[in-house]
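Per this note's numbering: the sequence shown = residues 10 to 258.
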Amino acid sequence: MHKNDLPTSWPILAIDFDGVLHSYISGWKGPRTITDAPIAGAIEWLKSLIPDQDDAFAPRHYYFDVQIFSSRARHFGGRAAMRRWLLRHGLTRGELESIRFPRLKPPSILLIDDRALRFDGTFPTVEQMRDFRPYRVGTMQPAPPTRATGIDFLAPKDGPIVEGLEAIEVVYARNQSEYNPLRSLISTDGTGRAVSRWTLTAEQRVAIAQGNDIFLELMTFHQPLQPIRIFLAGDTNEDRESLLSLLEG
Ligand SMILES: [Mg+2]
10 MHKNDLPTSW PILAIDFDGV LHSYISGWKG PRTITDAPIA GAIEWLKSLI PDQDDAFAPR
70 HYYFDVQIFS SRARHFGGRA AMRRWLLRHG LTRGELESIR FPRLKPPSIL LIDDRALRFD
130 GTFPTVEQMR DFRPYRVGTM QPAPPTRATG IDFLAPKDGP IVEGLEAIEV VYARNQSEYN
190 PLRSLISTDG TGRAVSRWTL TAEQRVAIAQ GNDIFLELMT FHQPLQPIRI FLAGDTNEDR
250 ESLLSLLEG
C-alpha cells in the first residue's frame, strides 16, 4: 500500500510539529533548522498511528490519515527538514511514506496543536488570548538534559518592558558602546528606582526548574551598594497594576 492508495475516507488527523512532536526548547531557529529532541513519547505515539509501507506484514488496523501540519512546510526545504528529523529520531522510511506534510490547512477531524483553544461556544476574552501560554517541555517529567552549564547570562527583554507603559520608560546606556542598552521603568517618587525586565530563554527556564538559581552581578566601582530587589512578574493586568503601584512608591 502506498500513500497514494490510502482510502480517501480515512479521517485526517492533523498534528502540529513544533511544540507537539519537536520539543522546541530552543524556539524558532528557521524553517529548516530543527535542533531539539522529540517530546518524550512522541515518536512511539506517531509510529502507533501509521503503517510502515515497506513492511508487508504490518497490521492494517490504522484509522487515520496522519498529516503533519506545520508552517515549515510552506518554506523551501522545510518538509525535507521535518522528514530528516523524524528519520533521525526513529521513524523508518516506510513509516515516513505514510505521513503527509500539507502546506495548507487540511480538512482534519482533529488538530493536535500546542497553540490552540478548543472552541466550546464561548468566545475567549482578550485577556485569555493574550495570556495564553503553549505547553512547553519545561513542565514535563523526562525533560531532555538542556541544563545550562557554566555562566549563562540573562538578557534584557527585547521590546517595551510592559506594553502601554512606554511613556515612563528610559533607556540607559543607549549610546555607550561599552554597555548594552537597558530599558527601565522609573519610579515617580524620590528614590529614583529603575525597574528593568530580563527574559529567560527556554533553556534558562528549564535550568531554573532543575535547580539553578539567579545570580546578580553589579559594578559598584567601590561605592556603597545601592538597594536591590529581584522579583517575578508577567503580563497580566494584576501584574501591571502591582508594578505601577510599586513605581508610585
Ligand atoms: Mg506548535
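Every residue gets a Cβ at the ideal spot worked out from N, C-alpha and C, and that includes glycine.
All values reported here derive from a predicted model rather than from experimental measurement.
* Residue range of the beta strand (DSSP E) that includes Val179 -> Stepping through the sequence shown from its first residue, residue 179 is reached at position 170. Start and end: 178-181.
* Cα-Cα, which of Asp198, Ala211, His231, Asn189 is closest to Lys38? -> Residue mapping note: residue 38 aligns to position 29 of the sequence shown, counting from 1. Per the Cα distances, Ala211.
* To do: Flag Arg192 as yes when its Cβ comes closer than 7 Å to any non-hydrogen atom of ligand 1, and as no otherwise.
  => Numbered from 1 along the sequence shown, position 183 holds the residue referred to as residue 192. It does not: the Cβ of Arg192 is nowhere closer than 7 Å to a heavy atom of ligand 1.
* Asked: Nearest CA to the CA of Arg83: which residue from Ala125, Pro111, Ser18?
  -> Position 74 of the sequence shown holds residue 83. Closest by alpha carbon: Pro111.
* What span of residues does the beta strand (DSSP E) with Asp192 cover, start to end? -> Locating residue 192 in the sequence shown gives position 183, where the first residue counts as 1. Rather than Asp, the amino acid found at residue 192 in this sequence is Arg. From DSSP, the beta strand (DSSP E) with Arg192 extends over 191-195.
* For Leu105, the first and last residue of its enclosing alpha helix (DSSP H) -> By one-based count along the sequence shown, residue 105 stands at place 96. Here the alpha helix (DSSP H) through Leu105 covers 102-105.
* Own chain residues within Cβ distance below 7 Å of Pro115, not counting five before or after -> As a first step, residue 115 must be located in the sequence shown, where it is residue number 106. Within the same chain, Pro115 has close Cβ partners Ile21, Ala23, Gln76, Phe78.
* Asked: Using a threshold of 7 Å, is the CB atom of Arg142 nearer than that to any non-hydrogen atom of ligand 1?
  -> As a working note, residue 142 is residue 133 in the sequence shown. Outside the cutoff, so no.
* Could you check the C-alpha separation between Trp207 and Glu172 for me, to the nearest Å? => Position 198 of the sequence shown, counted from the first residue, corresponds to residue 207. Position 163 of the sequence shown, counted from the first residue, corresponds to residue 172. Computed Cα separation, rounded: 15 Å.
* For Gln219, which three-state DSSP category applies? -> Here the question's residue 219 lines up with position 210 in the sequence shown. Three-state result, Gln219: coil.
* Straight-line Cα distance separating Asn184 from Met149 -> By one-based count along the sequence shown, residue 149 stands at place 140. By one-based count along the sequence shown, residue 184 stands at place 175. Here Met149 scores only 37 on pLDDT, less than 50, and its place in the model should not be relied on; the value that follows carries that caveat. Taking the straight line joining both Cα atoms gives about 42 Å.
* Distance between Val179 and Gln235 (C-alpha atoms, nearest Å) -> As a position in the sequence shown, residue 235 is number 226, starting the count at 1. As a position in the sequence shown, residue 179 is number 170, starting the count at 1. C-alpha separation (whole angstroms): 19 Å.
* To do: Return yes when the Cβ of Ile223 is within less than 8 Å of the Cβ of Ile237, no when it is not.
  => Stepping through the sequence shown from its first residue, residue 237 is reached at position 228. Stepping through the sequence shown from its first residue, residue 223 is reached at position 214. For Ile237 and Ile223, no; Cβs fall outside 8 Å.
* To do: Identify which residue in Ala182, Ile121, Leu95, Ile48 has its Cα closest to the Cα of Ile34.
  => The residue labelled residue 34 in the question sits at position 25 within the sequence shown. Cα-wise, what sits closest to Ile34 is Ile48.
* **Test item: CB-CB of Ile177 and Ile195 under 8 Å** => Within the sequence shown, the letter at position 168 stands for residue 177. Within the sequence shown, the letter at position 186 stands for residue 195. Contact: yes.
* Asked: How would you call Met228, buried or exposed, if buried means at least 16 neighbouring beta carbons within 10 angstroms?
  -> Residue numbering aside, residue 228 sits at position 219 when the sequence shown is read from its first letter. Label assigned to Met228: exposed.
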